[in-house]
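Just so we're aligned, residue 1 is where the first sequence starts under UniProt numbering, counting upward by one. All C-beta atoms, glycine included, are put in the ideal place defined by N, C-alpha and C. Worksheet for the structure shown next.
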Amino acid sequence: RMENGAGSTKEENLLSRMALNDNKAGMEGLDRDKINRIIMEASKGSRFYGNELKKEQQVNQRIEKMMHQKAQITEQLLQKAQAQVEKMTSELEKSRDLSRVIVHVDMDAFYAAVEMRDCPELKDTPMAVGSMSMLSTSNYHARKYGVRAAMPGFIAKKLCPSLVIVPPNFDKYRAVSEEIREIFAEYDPNFQPMSLDEAYLDFTDHLEQRQSWPESSRTHRCRSRSNTPADESDKTEEGTDLSPVLFEDSPVSSEGDAAGSFEQFGTSVEEAVREMRFRIEQKTTLTASAGIAPNMMLAKVCSDKNKPNGQYRLPPTREAVMDFIQKLPVRKVCGIGKVSEKMLNALGITTCSDLSRQMALLSLLFSETSWHHFLQISLGLSSTHIPRHEERKSMSTERTFKELSKPEEQLSLCRELCDDLAEDLKKEALKGKTVTLKIKNVNFEVKTRAQTLPYAVATAEDIFAVAKDLLKTEIENESPQPLRLRLMGVRISAFVSSDGKTPMQKSIISFLQLGKRDHSRSSPITHRKPEGVSRGSLVRNHSSLSFKELMPKDLNSRLQSQVHRMKDDLSENELASHVQPHASTSGCGTPAETFTCPVCFAKVKTTDLNVFNRHIDSCLSDAAKREDEASGSESDLDPEDDHRKSTVVTQKKEKPRDLKNEASASGGELDLGRVSPQEGQQTLKNNLVSLIQVDKKPVALQQQSSLSRSPLLTCPVCQRAQDTDDLAVFNHHVDLCLNQEVLHELGGQTAFTGKPPAVKNSFSVGKCVSFTSCLISISFIDQIRDTPSSPPSKKAKSLGLCNTIDKFFR
DNA sequence: TGAGGAAGGACCC
DNA sequence: CCCCAGGGTCCTTCCAAG
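If you want it as C-alpha cells, here you go:
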C-alpha cells in the first residue's frame with residue numbers, strides 16, 4: 001500500500017470526503033463505483049464541492065506535516081517511546097475490568113422506522129426522513145441504493161428516484177423515545193441516553209438480581225398493546241401492524257406473535273437483553289439492536305454488529321476482547337471519524353491491531369490525549385462505568401437559508417434566532433455569559449464570533465445586544481462587499497447556575513476521577529477497579545508520577561477509601577433522599593434531584609454527585625473572584641444567602657458519631673462543625689469544613705473591608721479574634737492555623753491541634769466530603785510532585801484556597 | 001506561567 | 001430544476017494580562 005497520501009490527484013482525495021460512507025449496517029455489497037459516480041456528478045462544481053476540496057487539502061497538509069515529522073523520528077526516539085508505551089500498556093492492562101456488563105442499545109433506522117410504522121404505504125418503498133437538503137436516516141430499502149443518513153435529499157433522489165422523503169416529526173420520535181426509555185430504566189435506572197434512539201445501560205446489577213427472579217417475572221406477553229399509560233397515539237392500525245420489515249431477510253424477532261401468547265426469557269445476559277428488545281418491540285412495534293460487552297466502546301461496536309434487529313455479545317475475557325479488537329477497523333470506533341481515519345491510514349493503519357503495532361509512533365505524532373485514546377482502543381479498553389450525563393454546556397439555534405446579503409435582513413434574522421434561543425433558554429431556566437454568533441457564507445466557510453460578558457444573560461434582548469454587535473462587526477469587516485450568508489446561528493454557553501453567580505465548570509473531582517462514573521471521552525483514566533482503591537497512573541505524561549506513587553501510603557489509602565465510602569453511600573442513600581419533582585434537563589425519564597450548595601446555597605439540580613461537587617468547586621472559585629465584580633449587591637453576606645443558609649441548617653439532623661453511620665445516614669445533612677474531632681477518621685471531614693470556611697470567610701471579609709471598615713477579624717480556624725485589619729496579616733494567620741491541621745493530618749494524627757472545631761455552621765457534609773478530600777489530595781500531590789513539567793492543579797489554584805496549602809508545602 | 005476566552009475543527013446522532 | 005442540517009461535546013491553538 002502507498003504510505004504516502006500526498007501525490008494522488010485531487011479527485012481521488014476528494015473521494016474520501018464525498019464518497020459514500022458504506023461502513024454502516026445495511027450497506028454491504030453495493031455498487032460503490034456507480035454510486036460514487038452519481039454522488040460526484042451531483043456535487044461537482046457546487047460551492048459545497050469547492051469547500052470540500054479546500055478542506056480536503058487542509059487535511060492533506062496535516063498529513064504531510066505529520067509524515068514530515070515522522071521522517072524526523074530517530075530510532076532511539078522511537079525506542080524510548082516504545083518503552084513508554086509498553087509501560088503504560090502494562091499499567092492499563094492491570095486496570096482492565098471485565099466485570100461489568102455494558103449494553104448499548106440502538107433503535108434500527110429509528111426515524112424511518114417510526115414513519116413506516118405509522119404509514120404502511122411507506123413500508124415497501126425506499127424512504128428517508130429529512131428534507132431535500134439533508135436526510136436524517138433512511139430505511140434499509142433505501143440503503144440498498146446507497147441512500148443514507150447525512151446525505152442531501154437531492155442527491156439521494158438521484159441515486160434512487162423513487163425515494164420518498166418524509167419530513168421529520170420530532171415530537172413523535174420523542175414520544176417513542178420516552179417509551180423505550182421507560183423500558184431501559186427497568187434494566188438500569190441510571191442508563192444514559194445518547195440520543196433519542198440510543199442508550200448505554202449497565203446491566204450488571206440487573207443481572208445479579210435477575211438470577212433469583214421467578215419465571216413469571218421474566219415472562220412477557222406478546223403484542224400487549226393494552227393500556228400502558230405512555231402508549232401514545234400509534235393507533236394507525238391497532239392490532240394488525242407488525243414490526244416494519246426493515247430487511248427482507250430480517251430475522252423474525254419473536255416467534256408466535258399471536259396475541260395473547262407469552263414469551264419467556266432466561267436469566268443470562270443475552271436473554272435479558274433479548275427480553276428488553278422484545279419488550280421494546282412489543283411496546284413500540286419498532287426493533288432495536290444491542291451490543292453486550294465489558295465496556296462502553298466495545299458495546300457500541302457490538303450493537304452495530306448484528307444490526308438490524310439483532311444483538312451481539314462479546315464475552316468478558318481478555319482473549320475474546322483482544323481477538324475482537326484486532327480485526328476491527330479503526331473507523332468503527334466511536335470518536336475516530338473521517339479525518340482521523342485518513343491520517344491513520346497514511347501511517348498504514350486501518351485496523352486496531354495496526355494501531356497497537358504503531359503505538360510508539362503514534363505517541364510521537366499525536367497529542368497526549370489522542371494517543372492515549374488510541375492506546376486504549378488498541379487494548380479494547382474504555383469506560384466500564386456509564387457516566388451520568390451532565391448538565392448541558394451550551395444551547396444554540398441555527399438556520400440555513402438561501403442567500404441572505406442585506407444587513408437589515410441579517411440583523412432581523414439574528415434577532416429571530418435570539419428570540420428562539422431565549423425561549424429555549426427559558427424552558428430550562430438557564431443563563432449564560434458567552435454569546436457566540438455563527439455564520440456560514442455562501443461558500444460554506446464557517447466563522448464563529450464570541451463574546452463573554454461579566455454577567456449571565458437569558459433574554460432575547462440581552463442576547464441580541466451581543467449578537468448584533470458581533471454581526472455588525474462582521475458586516476463592517478466585509479466592508480464594501482456584503483456578507484453573503486447561507487447560515488446563521490446563535491449559541492449561548494458558560495452557564496451559571498440558577499443563583500446567577502456560579503459558573504458550572506470542571507472540577508477537581510473529575511480530574512481525580514473519583515466519581516463512580518467515568519468520563520468516557522475526555523479523560524485518559526477510565527478504569528476503576530471494583531474496590532476503587534487505585535487507578536494506576538495513567539494521568540502521567542512524560543515526567544509526572546502517579547498519584548498512588550506519590551501519595552504517602554497511609555494518607556493515600558485513607559483518602560481514597562474515605563472518599564469512596566462517602567461517595568458510594570452518598571450516591572446510593574443520600575441522593576435518593578433528595579428527589580425532587582423538578583423536570584430534569586435530560587428528560588430521560590429519570591427523576592431530577594437537587595442538592596443545596598453549602599457555599600452559595602443554591603439548589604443544584606443534578607443526580608450526579610460529581611456534578612454537584614463541581615458546582616461547589618466553581619462556587620468556591622467564584623466566591624474568590626466575586627469581589628472583582630462591580631455589582632456589590634452580591635456579597636456573601638447577602639441576606640438572601642442567609643435565608644437560604646438557614647433553610648439548609650434546618651434540614652440537618654443529628655447524626656451518630658460513627659463514621660460509617662454518618663456517611664451513610666440517609667438524612668443527608670450533617671452538622672460537621674459539631675462532629676467530635678476525637679474520632680480519628682473524621683479529621684478529614686473536619687479539615688474539610690475548616691477549609692471551606694476558610695475559603696469562604698476571607699472573601700466575605702475582604703469585601704467588607706473594601707466597602708467599609710470593620711477590622712475585627714476572627715480566624716475561622718482557631719476562632720480567635722485577630723488584632724489586625726491587615727488582610728495579608730490575617731490571611732497569614734489563617735494559613736498557619738490551617739496548616740497545622742494539615743500537618744496533623746499528614747502526620748497521621750487522628751485529631752488536630754486540640755482546638756475546638758472552628759466552625760459553627762452546618763453543612764451538608766457528605767456532599768462536601770469527597771470534594772474537599774480531593775482538594776487536599778490534589779494540592780498535596782502537586783506539591784510533592786516537584787517535577788517541573790507536572791501540571792499544577794489548575795483548579796486548586798483557582799480556588800483561592802490553594803494559597804494556604806501551597807504555603808505550607810513551600 | 002497560566003487561567004480562560006476565542007476561533008476553528010473533528011465527531012456524533 | 002433544486003447544489004449538503006441542526007443540536008451538541010470535546011480538543012487544540014493562539015493570545016494577552018499580570
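Can you tell me whether H389 is buried or exposed? The criterion is at least 16 other CB atoms within 10 Å of its CB, across all chains shown.
Here residue 389 corresponds to residue number 389 of the first sequence, with the count starting at 1. So H389 counts as buried.
I need the straight-line Cα distance from D641 to T473, nearest angstrom please.
Here residue 641 refers to the residue found at position 641 when the first sequence is read from its first residue. Here residue 473 refers to the residue found at position 473 when the first sequence is read from its first residue. The predicted position of D641 is uncertain, since its pLDDT is 34 and thus under 50; a value taken from the coordinates is nonetheless stated next. Their backbone Cα atoms lie some 41 angstroms apart in a straight line.
To which residues of the same chain is Q211 closer than 7 angstroms at the C-beta, ignoring the five residues directly before and after it?
Along the first sequence, one-based indexing puts residue 211 at 211. So the qualifying residues of the chain are T267.
Which of the three DSSP states is assigned to residue 856 in this structure?
Past the edges of the chain, shown from 1 to 810, lies residue 856, and the structure says nothing about it.
Give me the Cβ distance between Q192 and A199, rounded to the nearest whole Å; I'm assuming they're in contact under 8 angstroms.
Stepping through the first sequence from its first residue, residue 192 is reached at position 192. Stepping through the first sequence from its first residue, residue 199 is reached at position 199. Q192 to A199, Cβ: 6 angstroms. Contact.
How about F262 and H206: are their beta carbons less than 9 angstroms apart?
Translated into the one-based positions of the first sequence, residue 262 becomes position 262. Translated into the one-based positions of the first sequence, residue 206 becomes position 206. No, these two residues do not count as a Cβ contact at 9 angstroms.
In whole angstroms, give me the CA-to-CA distance for Q376 and S382.
Taking the first sequence and counting its residues from 1, one reaches residue 376 at position 376. Taking the first sequence and counting its residues from 1, one reaches residue 382 at position 382. Roughly 6 angstroms separates the two Cα atoms.
For A360, which residues from the same chain have a beta carbon less than 6 angstroms from its beta carbon, with the 5 sequence-adjacent residues on both sides left out?
To locate residue 360, count along the first sequence from 1; it is residue 360. Cβ neighbours of A360 beyond the five flanking positions: L78, A81, Q82, V85.
Decide if K653 is buried, meaning its Cβ has at least 16 other Cβ atoms within 10 Å, or exposed.
Position 653 of the first sequence, counting from 1, holds the residue named residue 653. The predicted model places K653 with a pLDDT of 32, which falls under 50 and marks its position as unreliable; any figure quoted below should be read in that light. Counting Cβ neighbours within 10 Å, K653 comes out exposed, since fewer than 16 surround it.
Return the Cβ separation of A458 and C418 in integer angstroms, given the expectation that the two are a contact with Cβ distance under 8 angstroms.
Numbered from its first residue, the first sequence carries residue 458 at position 458. Numbered from its first residue, the first sequence carries residue 418 at position 418. That pair is no contact at about 11 angstroms.
C-alpha distance - I292 paired with T317, whole-angstrom precision
Translated into positions along the first sequence, residue 292 becomes position 292. Translated into positions along the first sequence, residue 317 becomes position 317. Cα-Cα distance, rounded: 13 angstroms.
So is the beta-carbon of L298 under 8 angstroms away from any non-hydrogen atom of the ligand SAM?
Looking for the ligand SAM in the displayed structure turns up nothing, as the structure carries no ligands at all.
Could you tell me if A429 is buried or exposed, where buried requires 16 or more neighbouring beta carbons within 10 angstroms of its beta carbon?
Position 429 of the first sequence, counted from the first residue, corresponds to residue 429. The residue in question, A429, is exposed, as its Cβ has fewer than 16 Cβ neighbours within 10 Å.
So, with DSSP's three-state summary, where would you put H220?
Looking up residue 220 in the first sequence gives position 220. In this structure, H220 counts as strand in the three-state DSSP scheme.
Within the same chain, show all residues whose beta-carbon is closer than 7 angstroms to that of Y111, passing over the 5 residues directly before and after it, in chain order.
Locating residue 111 in the first sequence gives position 111, counting from the first residue. For Y111, where only same-chain residues beyond five positions count, the Cβ hits under 7 angstroms are V129, S136, T137, P168, Y173.
Which value, in whole angstroms, describes the spacing of the CA atoms of Q57 and N190?
The residue given as residue 57 occupies position 57 in the first sequence. The residue given as residue 190 occupies position 190 in the first sequence. Going from the Cα of Q57 to the Cα of N190 covers about 44 angstroms.
May I have the straight-line CA-CA distance separating K54 from T285, to the nearest angstrom?
One-based indexing of the first sequence puts residue 54 at position 54. One-based indexing of the first sequence puts residue 285 at position 285. Those two C-alpha atoms are separated by around 45 angstroms.
When burial is assigned at 16 or more other CB atoms within 10 Å of the CB, is K144 buried or exposed?
On the first sequence, residue 144 is found 144 positions in, with the first residue counted as 1. Under this definition K144 is a buried residue.
M132: buried (16+ other C-beta within 10 angstroms of its C-beta) or exposed?
Within the first sequence, residue 132 is the residue found at index 132, counting from 1. It is exposed - the Cβ of M132 has fewer than 16 other Cβ atoms within 10 Å.
Sufficient close CB pairs (3 or more, under 8 angstroms) joining the segment 330-343 to the segment 306-321
no
I want to know whether the segment 430-448 touches the segment 488-497 - three or more CB-CB distances under 8 angstroms.
yes
From M107 to M276, what does the alpha carbon distance come to, in whole angstroms?
As a position in the first sequence, residue 107 is number 107, starting the count at 1. As a position in the first sequence, residue 276 is number 276, starting the count at 1. Taking the straight line joining both Cα atoms gives about 12 angstroms.
Can you tell me the Cβ-Cβ gap for I475 and P407, rounded? I've got them flagged as a contact below 8 angstroms.
Sequence index remark: in the first sequence, residue 475 carries index 475 (1-based). Sequence index remark: in the first sequence, residue 407 carries index 407 (1-based). Contact holds; Cβ gap of about 5 angstroms.
When the Cα atoms are used, what is the spatial distance from Y140 to G146?
Residue 140 sits at position 140 when you count from the first residue of the first sequence. Residue 146 sits at position 146 when you count from the first residue of the first sequence. Using only the alpha carbons, I get a separation of about 10 angstroms.
Between the CA atoms of M18 and D31 - distance to the nearest angstrom:
The residue labelled residue 31 in the question sits at position 31 within the first sequence. The residue labelled residue 18 in the question sits at position 18 within the first sequence. The straight-line gap from Cα to Cα measures roughly 16 angstroms.
Secondary structure at I155, three-state DSSP: helix, strand or coil?
For the purposes of this step, residue 155 is identified with residue 155 of the first sequence, where counting begins at 1. I155 falls in the helix class under three-state DSSP.
Whole-number beta carbon distance between K440 and L487, since they are thought to touch under 8 angstroms:
As a first step, residue 487 must be located in the first sequence, where it is residue number 487. As a first step, residue 440 must be located in the first sequence, where it is residue number 440. L487 to K440, Cβ: 4 angstroms. Contact.
Which of helix, strand or coil DSSP assigns to D106:
By 1-based counting over the first sequence, the position of residue 106 is 106. In this structure, D106 counts as strand in the three-state DSSP scheme.
Given this structure, state the Cα-to-Cα distance separating E115 from D171, to the nearest angstrom.
The residue labelled residue 115 in the question sits at position 115 within the first sequence. The residue labelled residue 171 in the question sits at position 171 within the first sequence. Taking the straight line from one Cα to the other gives about 12 angstroms.
Just verifying my parser: in three-state terms, what is the DSSP assignment at D202?
Here residue 202 refers to the residue found at position 202 when the first sequence is read from its first residue. DSSP places D202 in strand when its eight states are reduced to three.
Identified DSSP bridge partners for S289:
For the purposes of this step, residue 289 is identified with residue 289 of the first sequence, where counting begins at 1. S289 pairs with D106.
Could you tell me if K327 is buried or exposed, where buried requires 16 or more neighbouring beta carbons within 10 angstroms of its beta carbon?
Residue mapping note: residue 327 aligns to position 327 of the first sequence, counting from 1. With fewer than 16 other Cβ atoms within 10 Å, it is exposed.
If we count the other Cβ atoms within 10 Å of its Cβ and call it buried at 16 or more, is V301 buried or exposed?
Sequence index remark: in the first sequence, residue 301 carries index 301 (1-based). By the neighbour-count rule (16 or more Cβ atoms within 10 Å), V301 is buried.
If you follow the alpha helix (DSSP H) that N60 is in, where does it begin and where does it stop?
Counting from 1 along the first sequence, the entry for residue 60 is found at position 60. First-last of the alpha helix (DSSP H) with N60: 47-72.
Taking Cβ positions, are R104 and M395 nearer each other than 9 angstroms?
Here residue 104 corresponds to residue number 104 of the first sequence, with the count starting at 1. Here residue 395 corresponds to residue number 395 of the first sequence, with the count starting at 1. For the record, residue 104 in the displayed sequence is His; it is not Arg. Not a contact, by the Cβ cut-off of 9 angstroms.
Taking C-alpha atoms, which residue in E179, V333, Q358 lies nearest to T287?
On the first sequence, residue 287 is found 287 positions in, with the first residue counted as 1. Ranking the options by Cα distance to T287, first place goes to E179.
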